[in-house]
Every structure is written in structure tokens, then in C-alpha cells.
Amino acid sequence: MPPRSATRSCARPVPGGGRRSRIDSPRLNRLFAADGKCFDVAVDHGFFGEAEFLSGIEDMEHAVATLADAGPDAIQLSPGQAPLLQRIPGPRKPALVLRTDVANVYGRAGVGREYLYSEVVDGAVEKAVALDAACVVVNLLLLPGQPELQHACVHNISRLRAECDPLGMPLMVEPLAMQAGDSGYGVDGDPEKIVPLVRQAVELGADVIKSDPTDDLADYRRVIEAAGRVPVLVRGGGRAPEEEILRRTEEVMRHGAAGIVYGRNVIQHPDPAGMTRRLMAIVHGG
Amino acid sequence: MPPRSATRSCARPVPGGGRRSRIDSPRLNRLFAADGKCFDVAVDHGFFGEAEFLSGIEDMEHAVATLADAGPDAIQLSPGQAPLLQRIPGPRKPALVLRTDVANVYGRAGVGREYLYSEVVDGAVEKAVALDAACVVVNLLLLPGQPELQHACVHNISRLRAECDPLGMPLMVEPLAMQAGDSGYGVDGDPEKIVPLVRQAVELGADVIKSDPTDDLADYRRVIEAAGRVPVLVRGGGRAPEEEILRRTEEVMRHGAAGIVYGRNVIQHPDPAGMTRRLMAIVHGG
Amino acid sequence: MPPRSATRSCARPVPGGGRRSRIDSPRLNRLFAADGKCFDVAVDHGFFGEAEFLSGIEDMEHAVATLADAGPDAIQLSPGQAPLLQRIPGPRKPALVLRTDVANVYGRAGVGREYLYSEVVDGAVEKAVALDAACVVVNLLLLPGQPELQHACVHNISRLRAECDPLGMPLMVEPLAMQAGDSGYGVDGDPEKIVPLVRQAVELGADVIKSDPTDDLADYRRVIEAAGRVPVLVRGGGRAPEEEILRRTEEVMRHGAAGIVYGRNVIQHPDPAGMTRRLMAIVHGG
Amino acid sequence: MPPRSATRSCARPVPGGGRRSRIDSPRLNRLFAADGKCFDVAVDHGFFGEAEFLSGIEDMEHAVATLADAGPDAIQLSPGQAPLLQRIPGPRKPALVLRTDVANVYGRAGVGREYLYSEVVDGAVEKAVALDAACVVVNLLLLPGQPELQHACVHNISRLRAECDPLGMPLMVEPLAMQAGDSGYGVDGDPEKIVPLVRQAVELGADVIKSDPTDDLADYRRVIEAAGRVPVLVRGGGRAPEEEILRRTEEVMRHGAAGIVYGRNVIQHPDPAGMTRRLMAIVHGG
Amino acid sequence: MPPRSATRSCARPVPGGGRRSRIDSPRLNRLFAADGKCFDVAVDHGFFGEAEFLSGIEDMEHAVATLADAGPDAIQLSPGQAPLLQRIPGPRKPALVLRTDVANVYGRAGVGREYLYSEVVDGAVEKAVALDAACVVVNLLLLPGQPELQHACVHNISRLRAECDPLGMPLMVEPLAMQAGDSGYGVDGDPEKIVPLVRQAVELGADVIKSDPTDDLADYRRVIEAAGRVPVLVRGGGRAPEEEILRRTEEVMRHGAAGIVYGRNVIQHPDPAGMTRRLMAIVHGG
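Going down the list, the sequences are from chains W, B, C, X and D.
Basically my numbering = 1-based index in the first sequence + 306.
Basically my numbering = 1-based index in the second sequence + 306.
Basically my numbering = 1-based index in the third sequence + 306.
Basically my numbering = 1-based index in the fourth sequence + 306.
Basically my numbering = 1-based index in the fifth sequence + 306.
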């Protein structure tokens with residue numbers, strides 16, 4: 307049997323990091339490329355109802371068609387927009403990662419709200435199955451002084467985990483430590499917050515982790531270590547210069563990340579197809 | 307196969323707007339005319355328990371009979387009044403759009419209320435099937451400082467979406483940004499609020515959007531763009547002179563709307579049948 | 307929007323046949339290539355417990371690895387063997403078609419048996435979902451003097467149809483008219499039997515038809531016509547010389563078939579990879 | 307990480323056979339020793355109600371206690387007798403393999419019976435869970451002229467497979483080709499019957515195969531090949547001289563068997579503990 | 307005790323304490339050694355999302371491998387990490403105790419929180435069965451001024467008890483009286499709080515108690531007495547010098563404890579394997 311048919315369920319060394327990921331489900335084999343790496347483009351921003359999130363994805367038909375042509379490993383969409391990807395004929399297109407929860411923590415209006423929520427849509431896993439998704443994704447939010455919100459997220463994950471199991475649907479958890487900023491809650495890159503939150507997601511049974519970069523990228527090895535055998539995809543965060551994005555991507559991959567989940571840095575780029583190609587080269591080129 | 311049997315699930319150009327709608331369910335084929343357009347008359351105002359909403363529809367038997375004769379594409383009714391339409395013999399009558407949620411945000415008493423709700427009646431989708439409705443409709447309310455209400459609406463939509471799926475019942479969502487005014491909460495025509503709210507409804511899986519006009523109708527293309535492949539019906543809002551109504555209707559149709567949902571401007575008109583004919587001509591005449 | 311993103315739910319002309327297929331589900335978009343054609347290699351023979359069916363597939367690890375490398379559009383497997391395909395890393399491999407029913411009509415011992423059965427395994431559709439199959443397949447058997455067997459098959463299809471619907475799992479039905487021969491029941495290529503049986507499968511709600519060639523291939527247009535908008539894949543039947551297989555494939559594709567399902571003619575070929583390439587060229591080259 | 311923690315889900319070479327077994331469930335890790343081999347002693351004979359099966363196991367308390375002390379990897383028992391093993395304190399004792407089906411094919415009275423059955427006890431898998439079994443076992447019987455019996459067995463396996471899946475209970479299938487003999491149905495060692503029957507069990511989703519030796523042990527490689535990645539335990543069959551048993555065991559292990567399931571040759575031996583030690587040495591010593 | 311008659315369901319004297327435990331389930335026979343004693347190492351700390359809990363278990367693959375080699379009777383893990391233990395081949399390894407509830411009472415941030423929760427993950431018992439756990443464990447938290455939290459715990463236990471019964475899954479309850487301290491809530495060793503809480507757990511149907519040491523260990527007999535026939539394992543609490551740990555262990559065993567559940571005192575020890583051996587000697591040496 308040639309190497310490419312080697313069973314995916316064996317632990318494999320990740321170049322440059324010394325850590326291992328264990329990937330072992332038909333759908334994860336569809337989400338991750340044969341080298342165990344994945345570049346997922348997130349265009350599920352409209353789900354959260356914030357005006358400033360729509361820039362560059364006002365026209366979703368166009369955005370999804372452009373991205374599908376650019377050919378990342380996966381595209382992350384909400385249930386209402388997923389058909390734009392899934393109606394495209396033929397198997398040679400990005401896999402679908404289905405966002406399952408709506409939240410009101412983003413955007414300018416977030417800070418100061420007395421009432422924050424993260425709501426998983428009803429029948430999310432069955433919907434993901436019907437849409438032929440390769441994975442579902444849900445938040446694990448940690449906001450200062452918002453334990454109810456964190457509890458709601460733990461409950462969401464626990465319920466999704468139980469629903470995903472019999473249907474073989476992988477669960478990506480997005481542990482997200484936030485802090486209040488000028489324009490709403492923003493990413494908190496403190497490893498003392500990110501590491502235990504990532505770990506909690508793993509202990510709850512996440513199949514894939516989607517995690518923020520740490521303020522100092524040198525700390526990212528600790529995130530990878532906390533996740534252990536669970537592959538970690540790194541979030542892109544806000545818009546940044548191309549040069550910086552590419553350099554940061556190289557660094558997190560060197561630290562053992564299994565890939566990236568970028569949104570605005572691809573879709574708002576003047577040349578999304580070119581940017582996708584350059585990022586694919588880093589993620590898969592090794 | 308000759309053009310007339312062309313399947314409805316194909317994207318078709320919408321004259322005047324360059325946008326496309328994708329319609330692909332038996333009931334949507336009953337709600338929308340063969341040209342993909344729809345004029346829905348809303349007479350579900352009594353559902354909200356506000357005195358000022360009853361003008362012109364005090365006698366519902368008469369109102370429904372008049373409207374059924376006038377022949378719009380659809381009539382929007384609450385569960386208790388829907389039999390007035392559905393007991394009329396023969397297939398050549400307006401389709402039923404069933405309102406599913408009661409709310410207390412309308413009317414003078416609305417502003418200042420400490421407790422606002424939007425409640426979907428129990429068994430709404432099964433009721434819609436029993437009444438042979440072509441569609442159900444529910445609110446997505448965005449009121450300043452009322453995140454619990456918005457959460458409740460997100461939950462309502464999520465639940466209805468899951469119940470509608472296996473029964474092939476289309477879900478019309480009515481994203482409604484409101485602001486406090488002299489006579490209670492009123493429509494907020496700010497596109498910065500309407501556009502992301504419409505988009506959130508689409509991402510949640512709305513089959514049809516019923517949306518307010520923007521303050522400046524030139525901004526309406528942005529609403530249509532945010533809805534993408536989902537057809538948008540425009541709300542009429544409060545009573546206005548006939549001339550203005552007709553002009554506004556022509557303009558939103560030119561911007562790519564799939565139709566209109568008007569209430570008071572039809573039912574309180576001295577000649578509802580004539581007004582209906584004139585609006586049908588605009589909506590379908592192209 | 308570039309051509310390759312054209313929505314799959316539109317009817318498209320099939321070259322050479324003038325017929326159209328309507329394909330409109332995420333999983334069918336994964337089963338059929340972007341041109342709407344599919345070459346499925348069946349290696350589910352071991353499911354039936356007949357000694358003579360194992361020739362060439364005694365070692366399934368080797369057989370599946372060889373086929374996965376050869377790269378047809380799909381491989382048809384039983385639940386117990388499907389993991390051999392689905393554990394292969396990466397998305398660039400054939401889609402899984404899951405066989406759901408065991409039967410005892412094949413092989414030498416078949417004829418003369420007083421008791422014939424076709425049994426769908428418990429939880430077949432959930433298993434197909436868990437295995438990330440793109441389609442399930444089930445028989446519709448018509449044997450002389452065996453109405454109980456045909457009834458059992460109708461019941462199987464009816465049950466699978468209802469289970470497939472909410473999960474978006476396509477159902478391939480294999481209408482199979484058989485007649486007693488020297489070495490057991492064999493294919494009956496009489497179009498008077500095949501055409502109405504194919505039609506019955508379509509009327510029961512088949513998403514894809516897998517049908518035997520007619521004795522005179524000129525009659526195959528009638529099979530395609532009976533299936534209407536439902537795509538038809540042609541079975542290969544027993545081992546035949548390569549030249550004949552290729553010629554027959556060209557002819558059925560010309561008659562409007564959407565593809566082929568071959569087994570022994572690929573797997574028992576001295577060069578399965580080469581044979582797969584030649585057949586892929588005919589199926590997709592058009 | 308030291309070698310002993312190497313993940314079990316990787317394919318490992320089996321010494322002497324060149325074949326691989328893939329073992330990858332917590333309970334199979336409890337049934338098979340760390341070397342991937344297993345010696346299971348079957349004392350479930352009383353389940354079948356045949357007088358001649360009771361020799362040596364008339365006193366089950368004594369028999370189970372003796373065997374537990376002798377220390378094979380597993381003991382196979384019916385639900386009613388399993389507590390004799392499971393009430394023994396401490397984890398260092400053989401694992402429980404729970405027999406789930408009663409049949410009337412054994413013994414002198416078998417041949418000539420008009421009505422043969424194989425019945426899985428109600429709630430078998432939940433019972434196995436409650437008894438903390440490491441595996442359940444069920445027959446796949448092939449008797450000349452008894453297709454209803456074979457169908458019943460296929461149905462039994464299919465149902466058990468679906469019930470075992472969510473609970474992580476491994477399913478051992480015992481494909482058993484029989485032929486009429488002087489003292490009832492006996493083992494048919496014809497590889498033309500055993501090989502396709504073993505294969506059918508694998509395609510139905512067996513986690514472990516328990517199979518008869520072929521008449522000519524040189525043919526046993528074909529059984530192992532047909533089972534592929536599924537481990538094969540070899541049945542002992544009737545009482546034979548110790549020397550022959552040991553030699554036969556060595557040979558099947560050399561052919562790639564993952565172990566043995568012996569009953570009478572252990573329990574009717576004058577020194578069951580000594581015989582167990584000698585067989586353990588062959589099975590595990592390699 | 308002679309092998310054959312040894313039934314675990316008989317009450318047996320516990321050396322040094324004069325008390326008896328009644329252990330009578332297959333899984334408890336796997337959790338407790340043949341002498342009725344158990345040393346369980348808890349490494350489920352990451353489940354709670356607190357940064358300070360991860361010290362020594364940052365790399366769980368390594369931690370679990372080290373512990374599995376050291377060979378205590380059991381290892382306590384969360385659902386997401388349990389596979390690290392259960393994938394190890396062979397039956398000679400520690401039993402799995404599965405943690406079922408996440409809580410936010412630990413760590414520095416705990417005190418002052420307005421909202422405390424303890425959430426049992428969905429499908430916890432079925433998950434424990436699928437993972438082949440020997441026991442599940444859940445908290446019974448008593449915090450000053452937090453009756454909702456205690457009610458939630460009572461509800462958790464009541465629900466788990468009912469789910470565990472038909473599947474024979476033992477339920478370990480961890481009654482935990484806490485008080486606010488400088489670095490968050492900490493153990494309250496007051497026997498006036500511990501004794502009635504342990505007793506409540508027993509009355510709710512706990513099969514095993516995991517309880518804190520009392521401030522004065524001489525009071526521990528009262529805890530054992532309150533538990534009655536239910537075996538009590540003693541928690542280790544925070545890091546302490548080895549000498550003290552060993553002396554405390556000897557004392558609680560003398561008072562009639564059935565064993566210990568230690569975490570940091572093993573895993574943060576410079577020689578976890580040596581520490582495990584010394585503690586095993588005390589627990590089992592008697």
C-alpha cells in the first residue's frame with residue numbers, strides 16, 4: 307500500500323513542532339488535506355448582525371464563488387448561506403464548516419450590554435448533516451464578569467458533542483477570551499487566559515480547536531501543547547498588512563499549528579485568490 | 307424541454323435590478339406568482355392587541371372577503387382569523403401567510419415598557435400545515451437597549467426554521483429595527499441597522515425577507531444585496547398618500563425587490579380593490 | 307460568476323442524448339463530477355456471501371488502496387469495508403457509495419432456493435452519515451415467481467427514502483430484473499422488464515438509478531426516458547473483453563447515461579488503474 | 307512516549323502471517339492482550355440445551371473459578387452464567403465475552419429438525435454493558451437448505467451491530483458452515499464455504515471473527531485474507547489429543563490468526579490450568 | 307479467600323477499621339483491587355478552565371503515559387482526554403474514572419463570582435459506557451450562600467443515578483464543602499460540614515464516596531461511619547510534602563478508608579512513578 311493510503315488514525319509528527327495531531331474520522335479526512343493541514347476561510351460574519359462585519363462580503367454569492375475558485379481547504383458559513391457553496395457542482399471545492407451559534411458579543415454595541423448570549427440554532431447538527439458539512443463550529447466565550455455566558459457556551463458544546471457523536475460530525479470549538487476595548491469586545495491575547503480555555507475545550511471533547519494568536523507568538527507552543535493530540539487552527543483576527551499576515555502564519559505553523567482560519571484578511575484583500583494561494587503555500591508547503 | 311417548464315430552482319434575472327432570487331419549494335411556488343413576484347396584504351394587526359391597529363379591519367369577515375375579491379397574491383393573517391380566508395371555495399384566491407408571533411412592542415404603550423416580548427404560538431408550524439398556509443412569518447426585532455428581546459427573536463427563528471424544514475413550510479422573517487418615537491416604537495429606516503439585521507435573518511435561514519424601506523430609498527439596493535438569493539418583500543409602513551405609495555413601490559421594485567407587504571395603505575384605502583389592482587400592476591407589470 | 311460555480315440545480319443538456327438530469331443536493335454534487343457524470347466502482351460483492359464473487363477482491367485493503375489511487379468518482383462498499391476508503395487522509399479520493407442490503411439471490415445456489423431475501427441493515431442511513439457516504443444504494447429485485455421478494459424491496463426503498471430525506475442522503479436504487487440461468491439467477495436484459503422497473507424506482511423517489519444494460523443497447527434510450535430527470539448509471543454485468551466494455555460504455559453514454567457502475571471489469575482487469583483511466587475518459591470526455 | 311502507549315488504532319504487523327489487524331476500541335484493548343493476541347475459553351455450551359455439551363461443565367461455579375485462576379485472556383459465557391465471572395473481585399481476571407444467541411442446530415437431534423432457529427436474547431447489548439462484558443458474540447449459521455436460518459442470523463448481526471455502535475461494544479461474529487453428520491450438524495471445514503461466510507461477517511461489520519479451522523490448515527491463510535483488518539480467532543472444534551491441539555494452534559497462529567477460542571479441549575482436559583498455560587504460551591509467545 | 311467461592315457481593319471486613327464495604331458490581335470489581343482498595347489518580351483538572359490547575363499536566367499525552375506506566379488502580383479523566391488512556395493496548399492498565407461535570411468554583415476568579423455552576427455534560431453515562439469507564443464521578447458542592455449551586459448538584463446526582471442504574475455504571479460522588487479563601491474557594495475541613503454532606507451523597511445513592519480529609523484526621527472515622535457500607539476514597543487536596551502525604555494516607559487508611567484519590571501530589575512530584583509505588587504500598591499493603 308502506498309504511503310498516501312496510510313491510515314489517518316495514527317499519530318503523525320508535525321514538522322517543526324515535535325507535537326502530534328491525531329485525526330481519525332471520515333469528515334476530518336475531508337476537512338484536512340492529506341498532509342494533515344487546513345486553511346479555512348471564515349465568511350460567517352453576517353450571522354452576528356453587526357454592520358461593520360459585512361465589509362467585503364456584502365454580496366455573498368460573489369464572495370463564495372470567488373473563494374470557491376481560489377480553493378482553500380474549507381469555507382466557514384452560517385446555515386442560511388451554506389447552500390451558496392454546496393450547490394456548486396463537483397467534489398473539487400472547499401469543504402463546508404458550519405457555524406452553529408449566533409452571539410451578540412461582537413461589534414461596538416457589545417461592551418456595556420447587560421445581556422450577552424450565544425445561541426446554538428435548533429437542529430444544528432442535523433442541518434450540518436443535510437448540508438453535507440465536514441465540521442461544525444461553536445464558540446467558547448470567556449468575557450470578564452460574564453460567567454453566565456461562559457456557562458451557556460459550555461452547555462452548547464456539551465450538547466453539540468453528544469449530538470455529533472452518533473453522526474460522525476466533527477466539532478470545532480473556538481475558545482475566545484475577550485476584553486472590553488474602544489470598539490467593543492476584542493481579542494485578549496494573554497496566554498494565561500487562552501491556554502486554560504483551549505484546554506477546557508479539549509477536555510470537553512473538541513475535535514478541532516480554532517484559537518486566537520497569543521500576544522507574543524513565542525507563547526503559541528503552550529497553546530499547541532495544551533491542545534495535545536487535537537489539531538489547532540489559528541484565527542486571523544482583524545485586518546493587517548499582508549506582509550505581517552504571512553509572517554505570522556509562518557510562525558504559528560512553525561510552532562505546530564495544523565492550519566489557519568482567516569476571514570477579513572482574505573476576503574477584504576484586493577486579490578483574494580492570490581492571497582489564498584500564498585497562504586495555502588505556507589500552510590501546506592511546510 | 308420548452309421554456310415554460312424550466313425548473314423554478316434556477317436562478318433567474320430579476321428585471322430592473324440585475325439581482326437574482328432563487329425560489330425552490332412547492333409552497334413558494336404557490337406564494338409567488340409565475341413571474342417570481344408577490345404582493346402580500348397584511349391584516350394580522352389585531353394579533354398585537356393595540357387599539358390603533360384595528361382601524362379599517364374592525365370587521366374581519368368583510369375585510370378578508372373584500373381583499374380576497376381584490377386578488378393580491380397573498381393575505382397575511384393570524385391563526386385565529388386564517389379560516390376566514392381558507393374557508394373560501396376554489397383554488398383561485400390569495401395564498402395564506404400565517405403570522406406566528408405575538409409581540410408587545412407596537413403602539414403608544416410600547417416605549418417605556420420594562421418587559422417586551424415576542425412569543426411564537428405553540429405548534430405554529432403544524433397549525434400552518436393544518437391551515438394549508440403557503441408560508442409562516444415571524445419577527446426579528448432590534449430595539450435599542452433590548453438584547454433579551456433580540457435573543458428571543460433569534461431563538462424563535464431558529465426553532466421555526468428547524469420545524470419548517472421537514473414539512474416544507476417556507477419561513478418569512480421580518481427583520482425590524484425600531485426606535486422610540488412619540489407614539490411608541492416606530493420604524494428605524496437607517497440602513498446601517500436594516501442591512502445587518504436583514505443579513506442576520508438570511509444567515510439564520512429565512513426563505514423570504516419582509517423588510518422596511520430605508521429612509522433614503524436609494525439605499526435599498528444594499529438591502530437587496532445583503533439578502534442575496536433570498537427574495538425581499540418591502541413593508542409599507544404607516545399610511546401615506548396613494549401617489550407616494552405607488553411611486554415608492556415602483557422604486558423598490560426597480561431596486562430588485564421581489565414584491566411588497568402592505569397593510570393599512572390597502573385596507574384603509576377608500577377603494578381597496580382598485581388600490582390592489584394598481585399595486586399588482588406595478589409589482590407584476592415590471 | 308464564472309461558469310464552474312454555475313448552480314447544479316439547473317437542468318443541463320446531456321451531450322449526445324438530448325436528455326437532461328437535475329441534480330440538486332450537496333451530496334450528489336460530491337458524487338457526480340462537475341460535468342454531471344459519474345464512474346462508480348462497485349466492490350461490495352463480499353456482502354452477499356457467494357464464493358465466486360470474491361475473485362480479485364480477496365484482499366480488500368489492497369483492492370481499495372489500488373482503486374483509490376486509480377481515482378474513479380466513487381467506490382461502492384458495504385458498511386464493514388467502507389472504513390478502508392474513509393480512513394484515507396485528504397479530500398481528493400473517490401466518494402463512498404454505501405451498499406445497504408444483503409440478499410441471497412446471487413450465485414449458483416440461488417436458483418431453486420425456496421426462500422429469497424433482501425435485508426437492509428439496521429440503521430443503514432445513520433451509518434451512511436457516520437461514514438460520510440455521498441449516497442446509499444439498495445436493490446429493487448424482480449425475479450420470476452418471487453413477489454414476496456419484490457414486496458420486500460419496495461418496502462426497503464420506501465423506508466430508506468423516508469430516512470434519507472431529513473439527512474440529505476441521496477438514495478440510489480438498483481432495479482434488477484433477473485432470470486434463472488445455469489449458474490444461478492442472472493441479469494434479464496429484456497427492456498420490457500427493465501423499463502417499468504426503472505420507472506417504478508423513480509416513482510418511489512430514487513435520486514439516482516443504477517440499471518442493467520438492455521440486451522440490445524439501442525433500447526437503452528427507453529431506460530433513460532423512463533428515468534426522466536433522474537440520472538442513470540449503467541451496470542457492467544459480468545466480465546467481458548476490454549474492447550467490448552469500452553465500446554458498450556461509449557454507446558450507453560451516447561444514449562444519455564449519466565455514468566457507469568462497474569465492478570469485476572475493473573477490479574479483475576490486469577491493470578485496474580489503466581482501465582479506470584480509460585473508462586473515466588469515456589464517461590467524462592464525452 | 308514508551309512503546310507500550312503506542313496507539314492501538316495503527317495497523318500492526320502480525321508475526322508469522324504478514325497480515326495486519328486493526329484494533330481500535332477501549333473494549334477490544336481489554337479483550338486482546340497488549341500483543342494484539344487473545345485466548346478466549348468458551349463455556350457457554352449449556353445455552354444450547356444439548357445434553358452432550360455439559361460434560362466437564364456440569365458444575366459451572368467450579369468451572370469458572372478454575373478457568374479464572376488459569377488466566378486465559380477471556381471467558382465466553384451466557385447471560386445467566388456471566389455473574390460467576392464478574393463477581394470475582396479485582397481487575398486481574400479474564401475479560402467477559404457474552405454469548406447473545408440461543409440456537410437449536412447443535413447436537414444429535416439437530417439434523418432432521420424441520421424448524422431451526424437462532425434467537426438473540428432481548429436487550430442483549432444493554433445486558434452486556436451491565437455485565438461489563440468486553441465483547442458480545444453471535445452466530446452466522448450456514449446450513450444446507452436452511453436459508454431462513456441464514457437470513458435470521460444476518461438480521462441478528464445487523465441489529466446487534468446497530469445497538470453496539472453507540473455503546474462501544476465490540477461484536478464478535480461466529481460464521482459457522484455446518485453439514486449433516488451422524489451425530490447432528492457438524493463443522494464443514496470446506497474453505498469454499500468458510501471463506502465467503504467469514505467475508506460476509508466482515509462486510510456486515512464484525513469487529514472480531516471466530517472461525518472454524520479449514521479441513522486443510524494450509525487453506526487458513528485464505529480465511530485470514532478474507533477477514534482483512536479484522537482479527538480472527540480460531541475455534542477449537544471437538545475434543546482432540548493435546549498434542550494435536552497444540553500443533554494445530556501453532557499452525558493457525560503462524561497463518562496469521564489473532565488467537566483462539568477453545569472450549570472442550572480446555573475444560574475437559576485433566577489439567578485445565580496447565581493446558582491454558584501451554585496454549586497461552588503458543589498464542590502469545592509467537 | 308479461596309478462588310472459587312469468593313463472591314465480591316459479600317460484605318467483607320476492612321482491616322484496621324472494623325467497618326465493612328459491600329461491593330457488588332462488575333465495574334466496581336474492576337475499579338477496586340481484589341483487596342477492596344483503590345488508588346485513583348485524578349488528572350481531570352483541565353476540565354475546569356483554570357490556569358493554575360495545569361501545572362504538571364500541560365502535556366497530557368506524556369502525563370497519562372507516565373501514570374499508566376506507574377500503574378495505580380485508576381486514573382480520573384474528562385471525556386475529551388479519556389481516549390489517551392483507553393487507546394493503550396492490553397487489559398493491564400489503570401481503570402478509567404470519568405469526570406462528568408464542569409464547574410466554575412475553582413481558582414482565584416471563583417470567589418466573588420455572582421454566578422456559579424456545575425454542569426454535567428450531555429450523555430455522560432452513555433459516553434462513559436462507550437469509553438469503557440469503570441465509574442463516573444460528579445460533585446456535590448456546598449458553598450456558603452450558594453443554595454442554587456447545591457440544588458444543581460443534587461439534580462445532577464439524581465439524574466446520573468437514574469441513568470447509571472440500567473447500565474451497571476457505578477456513580478462516585480464527591481461531596482465537597484468549600485469556603486472562600488485568599489486564592490478562591492478552598493476545602494473546608496470542618497467535619498460538621500463534611501459528615502452530613504457525605505451522608506447526603508450516600509442517601510442519594512452514591513456507589514463510592516470521594517471525600518476531603520477532615521482538619522483533624524481523628525474525625526475521619528465519622529466520615530467513614532456516615533458512609534456506612536459505601537467505600538470512601540480520600541481526596542488529597544493541594545500540594546504537600548511527601549512525608550506528610552504518606553503519613554496522612556496511612557492514617558486515613560487506618561480509619562477505614564477504601565483508598566485515595568490524589569492528583570497534584572502525584573503528578574507534580576519529581577518522581578510520579580516512585581510516589582505511585584509508595585502510595586500503592588500503603589493503600590494495598592494494609
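Glycine included, each C-beta is placed from N, C-alpha and C at the ideal position.
Computed from a prediction, not measured in an experiment: that's the story for all the values here.
Taking the beta carbon of C:Leu-473 as reference, the chain W residues within 8 Å of it are Glu-432, Val-435, Ala-436, listed in sequence order. Between B:Val-403 and B:Gln-382 the beta-carbon gap is near 4 Å, inside 8 Å, which marks them as a contact. Residues of the region 508 to 522 of chain B that bring their beta carbon within less than 9 Å of a beta carbon in chain W comprise Val-508, Glu-509, Leu-510, Gly-511, Ala-512, in sequence order. Counting along the chain, C:Val-504 sits inside the alpha helix (DSSP H) bounded by residues 497 to 509. Cβ neighbours of X:Asn-445 within its own chain (closer than 7 Å, five residues either side excluded): Asp-407, Ala-409, Ser-424, Cys-459, Glu-480, Leu-482. With contact defined as three or more Cβ pairs closer than 8 Å, the region 507 to 521 of chain W and the region 365 to 378 of chain W are not in contact.
In the three-state reduction of the DSSP assignment, C:Met-366 falls in the helix class, which pools H, G and I.
In the DSSP assignment, B:Ile-530 falls outside any beta strand (DSSP E) and within the unbroken alpha helix (DSSP H) covering 526 to 533.
Put simply, of D:Lys-399, D:Arg-527, D:Asn-571, D:Pro-576 the residue whose alpha carbon is nearest the alpha carbon of D:Glu-550 is D:Asn-571. For D:Gly-487, DSSP records a beta bridge to D:Gly-490. When Cβ-Cβ separations below 8 Å define contact, D:Ala-483 makes no contact with chain X. Residue burial is scored here from C-beta neighbours: D:Leu-503 has at least 16 other C-beta atoms within 10 angstroms and is therefore classed as buried. Cβ contact annotation for C:Arg-336 (same chain, cutoff 8 Å, sequence separation greater than five): Ala-401, Ala-440, in chain order.
Excluding sequence positions up to five before and after B:Ala-369, its CB lies within less than 8 Å of the CB of Val-349, Gly-362, Ile-363, Ile-573, all in the same chain and listed in chain order. In this structure, D:Arg-553 keeps its C-beta atom at 8 Å or more from the C-beta atom of D:Leu-510. Within the DSSP secondary-structure output, X:Ser-464 pairs in no beta bridge. Contact annotation: W:Pro-332 and C:Asp-438 have beta-carbon atoms nearer than 8 Å. Using a CB distance below 8 Å, the part of the region 356 to 380 of chain W facing chain B consists of Glu-356, Ala-357, Phe-359, Leu-360, Glu-364, Asp-365, Met-366, Glu-367, ordered along the chain. Counting along the chain, no alpha helix (DSSP H) covers X:Arg-398, and no H or E run does either. Secondary structure note for W:Val-431: it is in no beta strand (DSSP E), and the uninterrupted alpha helix (DSSP H) holding it is 430 to 436. The region 534 to 545 of chain D makes contact with the region 556 to 571 of chain D; the number of CB pairs closer than 8 Å reaches 3 or more.
In this structure, DSSP gives C:Leu-422 a state outside helix and strand, which the three-state scheme calls coil. The criterion of a C-beta distance shorter than 8 Å is not satisfied by W:Ala-436 and W:Val-442.
Counting only the Cα atoms, C:Glu-531 lies some 28 Å from W:Gln-392. DSSP places W:Ala-388 in the uninterrupted alpha helix (DSSP H) bounded by 388 to 392.
Per DSSP, D:Gly-565 is one residue of the beta strand (DSSP E) stretching across 565 to 568. In terms of beta-carbon proximity, X:Ala-468 stays away from the interface with chain D, with every pair separated by 8 Å or more.
In the DSSP assignment, D:Lys-516 forms a beta bridge with D:Leu-539. For X:Gln-392, the neighbours in chain D by C-beta distance under 8 Å run, in chain order, Pro-332, Asn-335. Close CB contacts of C:Ala-430 within its chain, under the 6 Å cut and outside five residues either way in sequence, are with Thr-406 (chain order). Chain-order list of chain B residues neighbouring W:Asn-445: empty, with the shortest C-beta distance near 14 Å, by a criterion of under 8 Å. Straight through space, the alpha carbons of B:Val-411 and B:Tyr-491 are spaced by roughly 7 Å.
When the beta-carbon positions are compared, C:Glu-432 and W:Pro-472 come within less than 8 Å of each other. Less than 8 Å divides the Cβ of D:Ala-339 from the Cβ of X:Gly-396. For D:Ala-380, the enclosing beta strand (DSSP E) has its first and last residue at 380 to 383. With 16 or more neighbouring CB atoms inside 10 Å of its own CB, D:Arg-505 falls in the buried class.
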